[in-house]
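Enquirer: The opening residue of the sequence shown carries number 1 in the numbering used here; numbering runs sequentially from there.
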Amino acid sequence: MTSFSSLVPKAIVFFTMILFVASSSYGQFTTRYSSFSVDSFSQEVDIVLKNQVFNDSQDSIFLAWRRTVNDFPAAKWSGTSVCDNVNCAAPQISQRNFDAIAPGDSSRLDMHFLTNGFSGEATAELIVWNINDSVNSVQVIPYAFKNDPSFATRISDVLSEEDVELSVVNGYVQISATSDARLTVNVYDLLGNQVKSAMCDGQLSMDIRDLPKTMYFVQVLQGSILVKTQSFVR
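(1) Given a cut-off of 8 Å, decide if Val82 and Leu49 are closer than it, judged by their beta-carbon atoms.
(2) Whole angstroms is fine: what's the gap from Met215's alpha carbon to Thr184's?
(3) Three-state secondary structure (DSSP) at Glu161?
(4) Roughly how many whole angstroms lie between the Cα atoms of Thr123 and Val168?
(5) If we call anything under 8 Å between Cβ atoms a contact, is Phe145 one with Glu121?
(6) Indicate the three-state DSSP secondary structure (helix, strand or coil) for Asp148 in the structure shown.
(7) Less than 7 Å between C-beta atoms, sequence neighbours within five positions excluded: which residues of the same chain meet that for Val69?
(8) Is the beta carbon of Lys60 less than 8 Å from the beta carbon of Gln28?
(9) Who are the near neighbours of Met246 in its chain, counting only those whose CB is closer than 7 Å to its CB and skipping five residues on each side?
(10) Where does Arg225 fall in DSSP's three states?
(11) Report the CB separation of Pro149 from Gly117 in whole angstroms; it is logged as a contact under 8 Å.
(12) Could you tell me the boundaries of the beta strand (DSSP E) in which Val187 lies?
(13) At the level of alpha carbons, what is the spacing between Ser5 and Gly223?
(14) According to DSSP, simplified to helix, strand and coil, what is Ile208?
(15) Consult DSSP for Ile131 and reduce its assignment to one of helix, strand or coil.
(16) If you run the structure through DSSP and keep just helix, strand and coil, what is Pro103?
(17) So the candidates are Phe41, Ser35 and Asp99; which of them puts its Cα closest to the Cα of Leu191?
(18) How long is the line joining the alpha carbons of Arg234 and Gln194, rounded to whole angstroms?
(19) Judging by CA-CA distance, which residue of Cys88, Phe54, Asp39 and Asp46 is the nearest neighbour of Tyr33?
(20) Which of helix, strand or coil does DSSP assign to Arg32?
(21) Using three-state DSSP, classify Trp77 as helix, strand or coil.
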């Protein structure tokens, strides 16, 4: 997943963080932090809480994560996104397997809160486990997150879902917006892998005829704000 760009001016990010360091092993892996309690004062649209998973064993391990709690101000925020050693999953992706982690190696396990520069509180929770030991290896990582930006910029010219027409016709994704707003159009497969991406100023015809015939979903973003999502079958 590509990085989330900002619609508001860059601002100094101030965090008050309480991080609990993991002190025990779960199925031969550990995480740097076992819990997050974070107060943020930021106008950034994408606030990242960084974590890592370490392979403490002598063999490669195969882990998976699942987001079991995802409560956030849906009217203003775009949600949460989890980044692992595959890529950054789209906010709609709530479960995925890591790529294999070699002995002594590690993977990121970052949580992105996509606040769009607005105030609000969120609660999220990740479960991480070893696929080969799903009974004894489960670790739960809770997040308590609050953002209260000073002089937060309200974005009044953001398009609504109704402002963007999206259709898939004859192997092309067609986008038509009511204004010439700068839009990013991403296409993802069912595993959350980005397979196509383009930018446009309100109008787009994206060729998808080279994609394998299966199901995909399209995201239309204005900056980092998710304007519209739609699935289709190629």
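Glycine is no exception: its CB is placed at the ideal position from the N, C-alpha and C atoms.
Expert: So, to answer that:
(1) Sequence index remark: in the sequence shown, residue 49 carries index 49 (1-based). Sequence index remark: in the sequence shown, residue 82 carries index 82 (1-based). Going by beta carbons, Leu49 and Val82 fall outside the 8 Å limit.
(2) Locating residue 215 in the sequence shown gives position 215, counting from the first residue. Locating residue 184 in the sequence shown gives position 184, counting from the first residue. Taking the straight line from one Cα to the other gives about 20 Å.
(3) In the sequence shown, the residue the question calls residue 161 occupies position 161. In the structure shown, Glu161 sits in a helix (DSSP, three-state: H, G or I).
(4) Residue numbering aside, residue 123 sits at position 123 when the sequence shown is read from its first letter. Residue numbering aside, residue 168 sits at position 168 when the sequence shown is read from its first letter. Going by C-alpha positions, Thr123 is about 36 Å away from Val168.
(5) What you label residue 145 is simply residue 145 of the sequence shown in a count that begins at 1. What you label residue 121 is simply residue 121 of the sequence shown in a count that begins at 1. The criterion of a C-beta distance shorter than 8 Å is satisfied by Phe145 and Glu121.
(6) Stepping through the sequence shown from its first residue, residue 148 is reached at position 148. Asp148 sits in coil when the DSSP states are folded into three classes, being neither helix nor strand.
(7) The count along the sequence shown starts at 1 and reaches residue 69 at position 69. Within the same chain, Val69 has close Cβ partners Thr123, Ala124 and Glu125.
(8) In the sequence shown, the residue the question calls residue 60 occupies position 60. In the sequence shown, the residue the question calls residue 28 occupies position 28. Lys is not the amino acid found at residue 60; the sequence shown has Ser there. Ser60 places its beta carbon 8 Å or farther from that of Gln28.
(9) Any question about residue 246 goes unanswered here, given that the chain covers just 1 to 234.
(10) Your numbering for residue 225 matches position 225 in the sequence shown. A small correction: the amino acid at residue 225 is Ile; Arg does not occupy that position in the sequence shown. Ile225: strand per DSSP, three-state reduction.
(11) As a working note, residue 149 is residue 149 in the sequence shown. As a working note, residue 117 is residue 117 in the sequence shown. With a beta-carbon spacing of about 6 Å, Pro149 and Gly117 fall inside the 8 Å limit used to define contacts.
(12) Counted from its first residue, the sequence shown places residue 187 at position 187. Where Val187 is concerned, the enclosing beta strand (DSSP E) stretches over Arg182 to Asp189.
(13) As a first step, residue 5 must be located in the sequence shown, where it is residue number 5. As a first step, residue 223 must be located in the sequence shown, where it is residue number 223. Low local confidence applies: a pLDDT of 36 at Ser5 is under 50, so the model's placement there is unreliable, with the coordinate-based value given in what follows. Rounded to whole angstroms, the gap between the alpha carbons of Ser5 and Gly223 is 5 Å.
(14) Here residue 208 refers to the residue found at position 208 of the sequence shown. In this structure, Ile208 counts as coil in the three-state DSSP scheme.
(15) Residue mapping note: residue 131 aligns to position 131 of the sequence shown, counting from 1. Of the three classes helix, strand and coil, the one that applies to Ile131 here is helix, per DSSP.
(16) Your numbering for residue 103 matches position 103 in the sequence shown. Pro103: coil per DSSP, three-state reduction.
(17) As a working mapping, residue 191 is identified with position 191 in the sequence shown. For Leu191, the nearest C-alpha among the options comes from Asp99.
(18) One-based indexing of the sequence shown puts residue 234 at position 234. One-based indexing of the sequence shown puts residue 194 at position 194. So the two alpha carbons sit approximately 15 Å from each other.
(19) Residue mapping note: residue 33 aligns to position 33 of the sequence shown, counting from 1. Taking Tyr33 as reference, the option from Cys88, Phe54, Asp39 and Asp46 with the minimal CA-CA separation is Phe54.
(20) Sequence index remark: in the sequence shown, residue 32 carries index 32 (1-based). Here Arg32 sits in coil by DSSP.
(21) Sequence index remark: in the sequence shown, residue 77 carries index 77 (1-based). DSSP places Trp77 in the coil class of the three-state scheme, outside both helix and strand.
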